[in-house]
Ligand code: NDP
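Residue numbers (my numbering): -18 to 274.
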């Protein structure tokens, strides 16, 4: 704790996200030391009260009680930054908010533990302007001790959701949400491309698309129940056999309009296989079985 009772934080990485995190910490009165590979990017937060270190070693030594928070481009860059100072991480508490995979988080956690550091991973569900507002939230997993000590500092970024000791859980949840998001984006992109091919303005079509997607929103909870119950029998009279028969029209219509359907077509063989395997009377969500390798 600082003299003001606020946990000190040393932040490595002042890209768009790292800068937003530092600004939130400073606004809440946390003592912050920063380091960035490109020194000029530290100027804005220095003007707001951050202490600037010119090397990573200097940043770590500035306050040995500080939580070390990395927010760099990817895990390779985190290793590039931390490997040379590995010996200086003993006894430290490390939080990594760099985007990565569950495997990368587990590897980094084991690496940190071997060095005598406690590790907390994080998955940021926000863009930089959302940081410090209630709209942002971040998944955390790994050391509960680090989470407990850092919690007040982490709450300056937005909502916190600690998922447990397995460091892979935060990136797993992060990537699952991103998967849902990109699936949604894929459909929206395809719909706009299709109507656009007929000269219909996207703005004009947007309310129809919004209304339709909202009406279909029940798929999310309905399929969750079916997955957990292991029962894909349909109760909405839109079985997968009917859907698999109509689905080629999406690609045909796109081709007729001179549009690629490549974002959508991978679903067709999965639907066909479910039907061929005797699950034609079930719901679409049954294709989830074919994703399990
Ligand atoms: P930026 O591209 O703005 O910044 C990247 C940061 O990483 C910079 O500080 C850069 O330093 C540093 N860096 C890159 N490579 C190296 C290296 N080899 N050695 C040392 N430093 C390096 O990215 P963001 O700040 O936006 O993103 C940071 C992390 O946050 C990423 O993992 C991203 O996926 C994640 N994230 C970002 C979101 C966003 O909307 N921006 C949303 C959610 C997560 P330098 O200034 O010297 O180039």
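Just so it is clear, CB atoms sit at the ideal spot from N, CA and C, and this is done for glycine as well. Note that the coordinates shown come from a computational prediction; the quantities given were computed from them, not determined experimentally.
- Around residue 124, the same chain offers 99, 100, 101 as residues with beta carbons nearer than 7 Å, after the five sequence neighbours per side are excluded.
- In the DSSP annotation of this structure, the continuous segment of the alpha helix (DSSP H) that includes residue 165 starts and ends at 150 to 177.
- Taking residue 234 as reference, the option from 131, 174, 154 with the minimal CA-CA separation is 174.
- Taking 6 Å as the cut-off, the C-beta of residue 105 counts as close to a heavy atom of the ligand NDP.
- Beyond the five residues adjoining it in sequence on each side, residue 94 comes within less than 8 Å, by CB distance, of 100 in the same chain, given in chain order.
- At a cut-off of 6 Å, the beta-carbon of residue 79 counts as near the ligand NDP: some heavy atom of the ligand is closer than that.
- Burial state of residue 122 is buried, judged by a 10 Å Cβ sphere holding 16 or more other Cβ atoms.
- DSSP, reduced to helix, strand and coil, places residue 230 within a helical segment of the structure shown.
- In the structure shown, the three-state DSSP call for residue 128 is helix.
- Excluding residues up to 5 positions away in sequence, 213, 221, 255, 260 lie with their Cβ nearer than 7 Å to the Cβ of residue 267 in the same chain.
- Residue state for residue 28 is assigned as helix, using DSSP reduced to three classes.
- Around the CB of residue 197, fewer than 16 other CB atoms lie within 10 Å, so the residue is classed as exposed.
- Note on residue 106: 16 or more other CB atoms within 10 angstroms of its CB, so buried under the neighbour-count rule.
- For residue 50, the CB contacts under 6 Å within the same chain, skipping 5 residues up- and downstream, are -10, -8, 76 in chain order.
- Just so you know, the alpha carbons of residue -5 and residue 230 end up roughly 48 Å apart.
- At least one heavy atom of the ligand NDP is found less than 6 Å from the C-beta of residue 53.
- When Cβ pairs closer than 8 Å are counted between the two stretches, the region 162 to 177 is seen to touch the region 186 to 196, the count reaching three or more.
- Remark: C-beta atoms of residue 104 and residue 120 approach each other more closely than 7 Å.
- Here the distance from the Cβ of residue 162 to the nearest heavy atom of the ligand NDP is not below 6 Å.
- Residue 38 places its beta carbon less than 7 Å from that of residue 66.
- Proximity of the region 0 to 16 to the region 136 to 143 meets the contact definition, three or more beta-carbon pairs being nearer than 8 Å.
- Spatial neighbours of residue 73 in its own chain (CB-CB distance under 6 Å, excluding positions within 5 residues in sequence) are listed in chain order as 49, 98.
- Between residue 232 and residue 148, the CB-CB gap reaches or exceeds 7 Å.
- Residue 263 is classed as buried because its beta carbon has at least 16 other beta carbons within 10 Å across all chains shown.
- A distance below 8 Å between beta-carbons, with the five flanking residues on each side excluded, links residue 239 to the following residues of its chain, in chain order: 178.
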